[in-house]
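These notes are about the structure you will find just below.
Numbering (my numbering), first residue to last: 18 to 122.
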């Protein structure tokens, strides 16, 4: 049986946030989030700032997981700009709030 929690408006399954927890579970992805939190950067700029921790292909894989989780947005265009929006931060807060509600039952 799947549990359902209220989170503001719609009912949500606790599994809805699995991509968020998966994305945050990796320290390199958390580092990428720190890099793109306050500014828009191209993939190459992210790679340059992460040069000690990850290759270009690794950063691209991590960015795909972050995008899938809804934590990073990519602006359309030839030089795609990456950024973390306020909505992304709220999604992280909602994910942790849903987890805490399970323990409060």
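The beta carbon of each residue, even a glycine, is placed where N, CA and C say it ideally should be.
My assumption, with CB atoms under 8 Å, is that residue i sits in contact with residue j. Please give the rounded CB distance.
i, j, result
"residue 98", "residue 59", "6 Å"
"residue 49", "residue 112", "Not confirmed; about 17 Å, so no contact."
Between residue i and residue j, is the Cβ-Cβ spacing less than 7 Å?
i, j, result
"residue 76", "residue 64", "yes"
"residue 45", "residue 71", "yes"
"residue 100", "residue 62", "no"
"residue 34", "residue 115", "yes"
Across which residues does DSSP place residue i in a beta bridge pair?
i, result
"residue 106", "Beta-bridge pairing links residue 106 to no other residue."
"residue 92", "98"
"residue 58", "99"
Considering only C-alpha positions, which residue in the set the options is nearest to residue i?
i, options, result
"residue 39", "84, 62 and 69", "84"
"residue 107", "93, 121, 120 and 89", "89"
"residue 79", "41, 118, 32 and 93", "41"
"residue 47", "118, 121, 93 and 109", "109"
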